[in-house]
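J.: Residue 1527 in the numbering used here sits at position 406 of the sequence shown; the count goes up by one each step and never skips.
Cβ coordinates follow ideal geometry from the N, Cα and C atoms, glycine included.
Quick caveat, the model's predicted, so the values are computed rather than measured.
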Amino acid sequence: MSHPFPEESVQKEYEIIDIFKKENDQLRPLQKAEALVETFEEDRIYGFQDNLRTGLYAPWPHERDAQHIMRYNCTTIIPTIYLWAEALGYEPQIVQFKDFRQLRSKKDKDKPTNNSHFALIVDIQRKQPYLLDPFWGICNPIVERTPRRMVLGQNKRRGRMVREYGRLLEYSPEEFAAMIDDLHDPIRSLEMLVCGQKVKKNIFLNKEVPATLMAYYDAPEMVITRLEIPQTAITDKVIFGGLHYDRNGKVKKMSLELCLARDTSWTEVIGKVEIARGSVEEFDAIRKVVHTIKSRPEKNKGQHRRWGNMLSERPERAADLCALTTQLYDRLTVEEKAGLSKRLLVRTLYEHAEPQEEYLTTREERFKEIECLRAKEIDFSQRIDEVEQELWKQSWRLEKLEKTRSERLKGRGRRLGKRNGKIVADLRNLLILHWRNESLYHRRMDQVVFAQKYEKISEEELAKEVQEKGDDPMIGYAAMVVDFLPFLVEAKDHLELRPFQDSIGEKIKAKMESISSEE
C-alpha cells in the first residue's frame, strides 16, 4: 500500500531515519523521542524567509530540499516528524490545537491565545501517550485530556504544564496530505499567513538587542508586517507596516503604526500603548525636520541630546515639528490618548527641564542599575552554589539527605537559577548597550532615572506641574515619535518585505482575480 505522503519525501526522510536508528540503536524509545524533539526545537529550525522567497508556503520535505528551504514552521514540520515517529514505531497521530495557550505557572493565566498549531501524539511504550511538539520544547506524557484541556506531566528533563484550547482536531495522514496539497494553490497558500509567520529574527537595529519580523495576511489586498524591537531598560517598541496592494499585486502604499508593548504573543501585542498612526510620507516629513534641528557642529555629532537643548538653539523649527506630530496625536482615539497620557507628561517634563544641562542626573545615578544588578547576580550565585554544594555531597554519598529535603533543594536550585537568569540577561543587555553605544546608554538611563522620580506621582499632579511650568506637551509627544525614527529608517526594507514582493504579489493578484470572477 502506497504512503499518503509523496514517495520522494518518504524515501528522503527514511534514509536519514535509518542512519539515526543505526547510530542510536541502544537508546530507549523515550530517549529517541527526546532526541527527535531536540533535533527540531524552534530556535534551530524555525523560519519562513525561504518560503516567502520561493512562494512555497507549505512544501513537502523533498520540495524543501530541491528549493533549498532551510527552515520549518509548525505545519511543514509535521510530515518530517510524522515520518520519523512512524519509522520508530510510535504510531503517530497528527493533532491541531485551535485557540490554545500554554500554562506553566499561575502567571500564564492572563496569556492571550494562539490561533492554530500542529503537533503529534505518539505511543512510545510508556504508561501514557506522549505529546511531541518541537516548537514548544515538549516531549511529555499526557496525564489528562479533555475536550478543552491537556495536562502534560513532567519527566526528568521537562516540567509539568497545561495546554488549554478551544478545539482539538485529529488528522489522518491522508487528510493532512490533502491539506498540504491544497496549500500549494497560490490563493490557498495565503492561509499560511493568516495566523502569522516569523519571517526573521536577530535583525540588529540601532546597535541594540535584535528585533524580530512577523508577517500576517489580513485582507484580500493587505499584508501586515510586525517588527518587535526589544529595548534595554525601557518599554519595548513595536512597529506595524500595512502593505496595501492593487489588483495587479503591486504595493500601492504602506501605512505605519507605532506602539509600546510589555510583550508580544504570536498574534497579539500585550500591554499595548498606541503612539502614532500615519503614512510613510508623514513620517518622512517629520524625519526631515528632525534632521535640520539635529544638524550641529561636527564636534557634537553622535551625541543623543534632549529636545530642550536642541530647540533652544533652533526655536523656529519647534513649530514645524509640533505641527506635523500634532496631526498624528489628533488621530488617536480618546482611549488611546488616556493610555498614553502619563508617559507623555513625564516625557514633556524631561525634555523641557533645564535646557542648558546635557543631563539631569549624575554619572553615578546612570550606572546605579548596573551596580545593583551585579550585586544581585553575586548574591544569587552564592545562594545557588550553597544548594549545589549540598546536593554534590549527596551525589557522591558523602552525606545522605532525606528525599523530601533533596527534592526541596532541587526545586530551590531551579527557582534561584531562573531568577538569576533574568538578572544576568538584564545586566548583560545594559553592559552591551553601554559598550556598543555609550552616548545612547547615558541618554536612556538619564531618562529612566528621571522618570523613576515620578512613578508615585498622580497623573493630575503631573498635568498641574506641566501647566504651571508652561511646558508644551507636544514637544514631549514629538520626542516619543522621534524615538522610532532610527528604526523606521533602518527597517524600511524589512517592513516592506521588499525581497519577497514578487512572490507575494503573484498570490495577491490571483486572490483578487478570484474575487472578481466570483462577482
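#1: Is VAL1216 close to the ligand COA? I mean its beta-carbon at under 8 Å from any heavy atom of the ligand.
#2: Name the DSSP bridge partner or partners of THR1346?
#3: Name the residue from GLY1399, LEU1348, PRO1125 whose alpha carbon lies nearest to the alpha carbon of ALA1299.
#4: For PHE1571, which residues of its own chain have a beta-carbon under 7 Å away from its beta-carbon, when the five flanking residues on both sides are left out?
#5: Look up PRO1262 in the DSSP assignment and say whether it is helix, strand or coil.
#6: Compare the beta carbon distance of LEU1241 and GLN1214 with 9 Å and say whether it is the shorter of the two.
#7: Taking the beta carbon of ARG1526 as the centre, do at least 16 other beta carbons fall within 10 Å, making it buried, or is it exposed?
#8: If you follow the alpha helix (DSSP H) that CYS1493 is part of, which residue opens it and which one closes it?
#9: What does DSSP give as the partner residues of VAL1283 in its beta bridges?
#10: Per DSSP, which one or two residues make a beta bridge with SER1376?
#11: Distance check for ARG1438 and LYS1543, CA to CA, integer angstroms please.
#12: Who does VAL1390 pair with in a DSSP beta bridge?
#13: Under three-state DSSP, which class holds LYS1420?
#14: Count the other CB atoms, across all protein chains shown, that sit within 10 Å of the CB of LYS1358; report buried if there are 16 or more and exposed otherwise.
#15: I'd like the list of long-range same chain contacts for LYS1420, defined as Cβ closer than 6 Å, with 5 residues on each side in sequence excluded.
#16: Using only CA atoms, which one of ARG1368, ARG1347, ASP1231 lies nearest to ILE1360?
#17: If you drop the 5 nearest sequence neighbours on each side, which residues of the same chain put their C-beta closer than 6 Å to that of GLY1317?
#18: Is it buried or exposed, ASP1500, if we count other Cβ atoms within 10 angstroms and call 16 or more buried?
#19: Using the C-alpha atoms, what's the distance from LEU1290 back to ALA1206?
#20: Which residues mark the beginning and the end of the beta strand (DSSP E) in which ILE1355 is found?
#21: Out of ARG1452, TYR1366, VAL1131, which one is the CA nearest neighbour of PRO1294?
#22: Around the C-beta of GLY1287, are 16 or more other C-beta atoms found within 10 angstroms, so that it is buried, or is it exposed?
#23: For the beta strand (DSSP E) containing GLN1318, list its first residue and its last residue.
#24: With 16 as the cutoff for other CB atoms within 10 Å, does PRO1268 come out buried or exposed?
#25: For HIS1555, which residues in the same chain have their Cβ closer than 6 Å to its Cβ, ignoring the five residues on either side in sequence?
#26: Once DSSP output is grouped into helix, strand and coil, what is the label at VAL1330?
#27: So, with DSSP's three-state summary, where would you put HIS1555?
#28: What does the alpha-carbon distance come out to for the pair VAL1410 and ASP1231?
#29: So what's HIS1473 in DSSP terms, helix, strand or just coil?
#30: Our contact map puts ASP1171 next to ILE1190 with C-beta atoms below 8 Å; I'd like the distance itself, whole angstroms only.
#31: How long is the line joining the alpha carbons of ASP1254 and ARG1192, rounded to whole angstroms?
#32: Would you say TYR1203 and ALA1154 are within 9 Å of each other, going by their C-beta atoms?
#33: Identify, in the order they occur along the chain, each residue of the same chain with its Cβ nearer than 7 Å to the Cβ of GLU1184, setting aside the five sequence neighbours on each side.
#34: Please report the distance separating the alpha-carbon of ARG1309 from that of TYR1167.
#35: Here's the rule I'm using: 16 or more other beta-carbon atoms within 10 Å means buried, otherwise exposed. How should SER1638 be labelled?
#36: Quick check: MET1566 and GLU1456, are their CB atoms within less than 9 Å of each other?
T.: So, from the data block:
#1: The ligand COA is not part of the structure shown, which contains no ligands of any sort.
#2: ALA1336, GLY1362
#3: PRO1125
#4: TYR1471, LEU1481, THR1482
#5: strand
#6: yes
#7: exposed
#8: Annotation: the continuous alpha helix (DSSP H) that includes CYS1493 extends over 1484 to 1516.
#9: Under DSSP, VAL1283 takes part in a beta bridge, and its partners are LEU1224, VAL1272.
#10: GLY1363, SER1400
#11: 43 Å
#12: THR1385
#13: At LYS1420 the pLDDT is 47, less than 50, meaning the model places this residue with poor confidence and gives no usable figure here.
#14: buried
#15: The predicted position of LYS1420 is uncertain, since its pLDDT is 47 and thus under 50; a value taken from the coordinates is nonetheless stated next. No residues qualify anywhere along the chain.
#16: ARG1347
#17: Setting aside the 5 residues that flank it on each side, GLY1317 is surrounded in the same chain by MET1335, TYR1337, TRP1387, THR1388, each with a C-beta closer than 6 Å to its C-beta; the list follows chain order.
#18: ASP1500 is exposed by the Cβ-count criterion.
#19: 19 Å
#20: Where ILE1355 is concerned, there is no enclosing beta strand (DSSP E), given that its DSSP letter is neither H nor E.
#21: VAL1131
#22: exposed
#23: Per DSSP, GLN1318 belongs to the beta strand (DSSP E) from 1318 to 1324.
#24: By the neighbour-count rule (16 or more Cβ atoms within 10 Å), PRO1268 is not buried but exposed.
#25: TYR1562
#26: coil
#27: helix
#28: Their backbone Cα atoms lie some 42 Å apart in a straight line.
#29: helix
#30: 4 Å
#31: 16 Å
#32: Against a cut-off of 9 Å, the Cβ pair of ALA1154 and TYR1203 comes out as no contact.
#33: LEU1177
#34: Each residue's CA atom was taken as its position, placing ARG1309 and TYR1167 some 22 Å apart.
#35: exposed
#36: no
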